[in-house]
Amino acid sequence: MIMMLVLTLLALPFALTAANVGRRRWVRKRGVARVRAELDAFHAELARQGLSHFWGR
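Heads up: the sequence shown begins at 1 in the working numbering, then just goes up one per residue.
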């Protein structure tokens, strides 16, 4: 069990790096302005439903 925990902790930085690279490619492919507009719409919907934790938006 300890060995599995150690292996998981060792693999975590690689998984986070891969996820970050994938997200950057996705944003570049879709276009930054479009992604930002979609995120703004998503945050507005969350705020409308009272689920938003973004107080400034």
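Here a beta-carbon is modelled for each residue, glycine too, at the ideal position from N, C-alpha and C.
Where residue i sits in the DSSP three-state scheme
i, result
"methionine 4", "helix"
"leucine 46", "helix"
"glycine 22", "helix"
"leucine 16", "helix"
"phenylalanine 10", "Looking at the sequence provided, one finds leucine at residue 10 rather than phenylalanine. In the structure shown, leucine 10 sits in a helix (DSSP, three-state: H, G or I)."
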